[in-house]
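Written below as structure tokens is the structure these notes are about.
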Amino acid sequence: MTDKVMTLHELCDAFGISRRTVQGYEKHGLVKATGRNTRGYLLYDSQMQAEIQRVRQFQNFGFQVKEIKTLMILPEAELLDRLVEQKSVLEQRGAELGEQLALLAEMIEQLG
Numbered sequence: 003m004t005d006k007v008m009t010l011h012e013l014c015d016a017f018g019i020s021r022r023t024v025q026g027y028e029k030h031g032l033v034k035a036t037g038r039n040t041r042g043y044l045l046y047d048s049q050m051q052a053e054i055q056r057v058r059q060f061q062n063f064g065f066q067v068k069e070i071k072t073l074m075i076l077p078e079a080e081l082l083d084r085l086v087e088q089k090s091v092l093e094q095r096g097a098e099l100g101e102q103l104a105l106l107a108e109m110i111e112q113l114g
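Per this note's numbering, the sequence shown starts with residue 3, numbered consecutively.
If you want it as structure tokens, here you go:
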């Protein structure tokens, strides 16, 4: 993220996301363009870039876009609670994946 105002195209390239993704975020009220340039292209300032980065983080943590709007306006203590809960969920999934990987490795060894 930079202090540079970005067009939608630049923003998508910088964050590795599609135009449709940004439009979805806008539809859900998570971000909005902060202006237009002389050619009419949508512009996103550093604050909106930070918001998009935060939305992406929440998605990577397993939250759905519909939940993220709520997360972004929660008081810090409540957000912390939700993040701790999600960490537990991800740790459980990680443990389950570890078990599946062990079984898969065992099957591969038996067949190999």
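Idealized CB from N, CA, C, for every residue including glycine.
{"Check": "Can you give me the Cβ contacts of E88 inside the same chain, cut-off strictly under 8 Å, excluding the 5 residues immediately before and after it?", "Outcome": "The displayed chain sequence assigns Gln, not Glu, to residue 88. The residues are F63, G64 and F65."}
{"Check": "Starting from L10, follow the alpha helix (DSSP H) in both directions and report where the run begins and ends.", "Outcome": "L10 to F17"}
{"Check": "Please go through the same chain and pick out, in chain order, the residues whose beta-carbon is closer than 7 Å to the beta-carbon of A16, but skip the five residues on each side of it.", "Outcome": "M8"}
{"Check": "Ends of the alpha helix (DSSP H) at L92?", "Outcome": "E78 to L113"}
{"Check": "In terms of residue numbering, what span does the alpha helix (DSSP H) encompassing Y27 cover?", "Outcome": "R21 to K29"}
{"Check": "Based on DSSP bridge pairs, tell me the residues matched to L32.", "Outcome": "L32 pairs with nothing; no bridge assigned."}
{"Check": "Mind checking whether M50 and V33 have CB atoms under 7 Å apart?", "Outcome": "yes"}
{"Check": "Taking the beta strand (DSSP E) that Y43 falls in, what are its first and last residues?", "Outcome": "Unbroken run through Y43: none, as it is neither H nor E."}
{"Check": "Just to check my reading of the structure: L13 and Y46 have Cβ atoms closer than 8 Å, yes? What is that Cβ distance to the nearest angstrom?", "Outcome": "5 Å"}
{"Check": "Among K71, E93 and R56, which residue has its Cα nearest to the Cα of K29?", "Outcome": "K71"}
{"Check": "Please go through the same chain and pick out, in chain order, the residues whose beta-carbon is closer than 7 Å to the beta-carbon of R21, but skip the five residues on each side of it.", "Outcome": "L10 and C14"}
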